Structure formats: C-alpha cells, structure tokens
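Those sequence lines, one after another, are chains H and D.
Quick note, the working numbering runs 54 ahead of the 1-based positions in the first sequence.
Quick note, the working numbering runs 54 ahead of the 1-based positions in the second sequence.
Virtual Cβ for every residue (Gly too), placed ideally from N, Cα, C.
Keep in mind it's a predicted model, so treat the numbers as computed, not measured.
There are 2 protein chains.
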Amino acid sequence: MLSIGDLSRRTGVKVPTIRYYEQMGLLDAAERSEGNQRRYERTDLERLAFIRHARDLGLDIQAIRELIALSQHPNLPCADADRIAADHLSAVREKIEKLKKLEEELARIVSHCDGGHSIEECYVIRSLSDHGLCGGEH
Amino acid sequence: MLSIGDLSRRTGVKVPTIRYYEQMGLLDAAERSEGNQRRYERTDLERLAFIRHARDLGLDIQAIRELIALSQHPNLPCADADRIAADHLSAVREKIEKLKKLEEELARIVSHCDGGHSIEECYVIRSLSDHGLCGGEH
DNA sequence: CTTGAAGCTCTAGTGACTATAGGGATTATC
DNA sequence: GATAATCCCTATAGTCACTAGAGCTTCAAG
Ligand SMILES: [Zn+2]
Ligand SMILES: [Zn+2]
Ligand SMILES: [Zn+2]
Ligand SMILES: [Zn+2]
C-alpha cells in the first residue's frame, strides 16, 4: 500500500495534482487508512502513469476520462479511442500551423530593428500599430 | 466621440473585452457621458487596435502593458521593445518545437491502429499505458 | 413618450493545475 | 512512551485572458 507521496515520487505527478485527478474522476477515490489518509495499490499506480502519459502528450482531462472509460471495456472495438487520438493530432497540427504563421511574422518584425533606434522609429512598435505592415493574416 | 459598441465594431474587440482591457490598465479609463457611459476618441481607437494586433501576435497582457509604456517615450532607445518581441519569438519557437515532438509521437501512435481492433489490442491505449513504446521523450 | 437596444457593475465560470492556511496522522529517534 | 520531523488532510483562492449572466440604467428612434 502506497501513500500519496509514494505515488507522487513514483510517477512524477505532484501530490495536489493527484488529489485533483481524483476530484476530476480520473482516479477512483482511494481507500483510506485509519487516520483518513489515501492508500494506493499497483493498479492505481498504473492508472496514474496512464494519465500522466496522456497529459504529457497533450490530451485534455475530458479525453482522458473517455479513454479510461473505454479501457474498462477490452472487447469493444477501438474506433472511439483511435478517433480521440486522431482528433488530438489534428488539433496539434492546427496549433503548429498557427504558431508558424506567428513565428514568420514575428521573425520578420524583429529582423527589421536592432535596438539601435528611438521608440518613435522602432519597427516593432510601428508594426504593432499597423497590421498593414504585416506580410500575412493572423 | 464613440460609444464602447462603436469601438467594438471598428476594432473587432468584444465589448466586455474592452472593459477588461481598461481594468487591466491597457486602456486609460474612458471619459464618461452624463449617464456614465464610456466615450472614446480616435486615440483610444488607435490604442485598442495596437492592443488587438499585439494580442493577435500572441503577446500577453504584461508585455503589451510594457510596450504601451515604452511607446509613451518616443525618444528612448527601442532596445526594450525589441527585446520583448525577440523574447516572444523565442517562446513561440519553443512551443513549436514541443508541439512538433508531440505531433511526431501522435502520428506514429495513430498510424499503428485503424479502429479495427479491440480496445485490448488497441495501439493507442497501449501506447498511453507504456511510454516505452514511444520513439522519444516529451 | 414609449420601447428596444445598448450600456453599466458585479460576480462567477473556463482548464489544469498551484499555493496557502490551519489543522491531524505517521514515523523515527531518543 | 514522548517528542519532533515529516507527511497528509480539507478547503479556499489564485493563475491567464477572457466570457457569460443577472439585474439595473441610459440612450436613440419613432
Ligand atoms: Zn526597435
Ligand atoms: Zn499583423
Ligand atoms: Zn485502436
Ligand atoms: Zn511517451
């Protein structure tokens, strides 16, 4: 039986975060010691590692909740799980696209000024004042 | 003199957001009509357009506050403004790098399963359970 | 002068935590 | 068995940049 601190050390998830996951329904409410402290077993450790890994990959709490629910039904087809992952991949790709546009614009803006001007002439300030100086939309 | 709604329509910034920017100190507290409604002038319109553009480029409120403060001193050198922009560009590039790693991993995971398995065999679920199946860190 | 749109303030909700306060439990040492 | 250090508990509030709603007042058109 592991304390919440043990679980934390073994997974790298902070103690308050573990309690938060319980509150959000990702972890089952843990058994308690006589003194009301949480006690965990190996299955909880695995569940938490799953959650942690899914979070590291950027999945949100709701998606993880659904994946956990699915994983409780080993014989169902996995189309739903695959769709969740595919949707997330699409969302990540969209974010990348948006950030690349920002990067391009910012790089252009930054390259036009080297800190050697006055604020009045600064290309950074002028670009922010006038989207017309931009190369694209955002 | 423009009402807050006029300002909203001309900049595409929603009315509550304009009030929020005032509260955050990005916009000066507007003059008021006899009936306590906000009234704006051209300079406010320009300020709001600046804020909007900076937000569209991903700068946060604090950075925008600093840029506005700088733009009030036209004769100072622009090194601080340039640094804010350059720092933001670096942050954007870091985000892109992280997202690209996620994308790669997610693409790999998704490509291994086509929805035609059982949950028990699903590569998505198995990958989430075991980071050892991953190609890199995240 | 009436009506409907627009404006006002204040509060709370979003997501995924993190921090703090003010206590109680457990464990190691003496 | 006492004590101290560490751990754990709940509950609340703060983060960021808004957004939504309640309940009220003001404005502009007809
Ligand atoms: Zn400059
Ligand atoms: Zn622009
Ligand atoms: Zn699958
Ligand atoms: Zn992994």
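Neighbour flag for residue i against chain H, beta carbons, 8 Å
i      : result
D/V67  : no
D/R147 : yes
D/L81  : no
D/S62  : no
D/I72  : no
D/A108 : yes
Contacts of residue i in chain H (Cβ-Cβ under 8 Å)
i      : result
D/A161 : L143
D/R93  : By Cβ distance, chain H contributes nothing, its closest Cβ being about 23 Å from D/R93, past 8 Å.
D/L102 : Under the 8 Å cutoff, chain H gives no residues; its nearest Cβ is about 11 Å from D/L102.
Chain H contact residues for residue i, given Cβ-Cβ distances below 7 Å
i      : result
D/G112 : L156
D/A140 : V164
Per-residue contacts from residue i into chain D (C-beta, under 8 Å)
i      : result
H/D136 : V164, C167, D168, G169, C176 and V178
Chain D contact for residue i (CB, 8 Å cutoff)
i      : result
H/S183 : yes
H/A133 : yes
H/I150 : yes
According to DSSP, residues forming a beta bridge with residue i
i      : result
H/R101 : H/R101 pairs with nothing; no bridge assigned.
D/R86  : D/R92
H/L56  : H/Y94
D/S172 : H/P131
Proximal chain D residues relative to residue i, where beta-carbon distance stays under 9 Å
i      : result
H/N129 : S172, I173 and E174
H/L121 : V178, I179 and L182
Interface partners of residue i on chain H, CB under 9 Å
i      : result
D/L153 : G112, V146, R147, K149, I150 and L153
Proximal residues of chain D, C-beta to C-beta of residue i below 7 Å
i      : result
H/S125 : I173 and I179
> In the segment 111–168 of chain H, which residue ranges form an unbroken alpha helix (DSSP H) of at least 4 residues, counting only runs that do not cross its ends?
Replying inline: 115–125 and 133–165
>> Would you call the segment 57–71 of chain H in contact with the segment 81–94 of chain H, where contact means no fewer than 3 C-beta pairs closer than 8 Å?
In response: Two segments are said to touch when three or more pairs of C-beta atoms, one from each, lie closer than 8 Å; by this definition the segment 57–71 of chain H touches the segment 81–94 of chain H.
>> Could you check whether the segment 123–134 of chain H touches the segment 136–145 of chain D, counting it as contact only if at least three pairs of C-beta atoms, one from each stretch, sit closer than 8 Å?
In response: no
> Is there contact between the segment 171–189 of chain D and the segment 168–177 of chain H, where contact requires at least three CB pairs shorter than 8 Å?
Replying inline: no
>> Count Cβ pairs between the segment 97–109 of chain H and the segment 117–125 of chain H that sit closer than 8 Å; are there 3 or more?
In response: yes
>> Under 8 Å, with one C-beta from each stretch per pair, do the segment 162–173 of chain H and the segment 152–167 of chain D reach the 3-pair mark?
In response: With fewer than three CB-CB distances shorter than 8 Å, the segment 162–173 of chain H does not count as touching the segment 152–167 of chain D.
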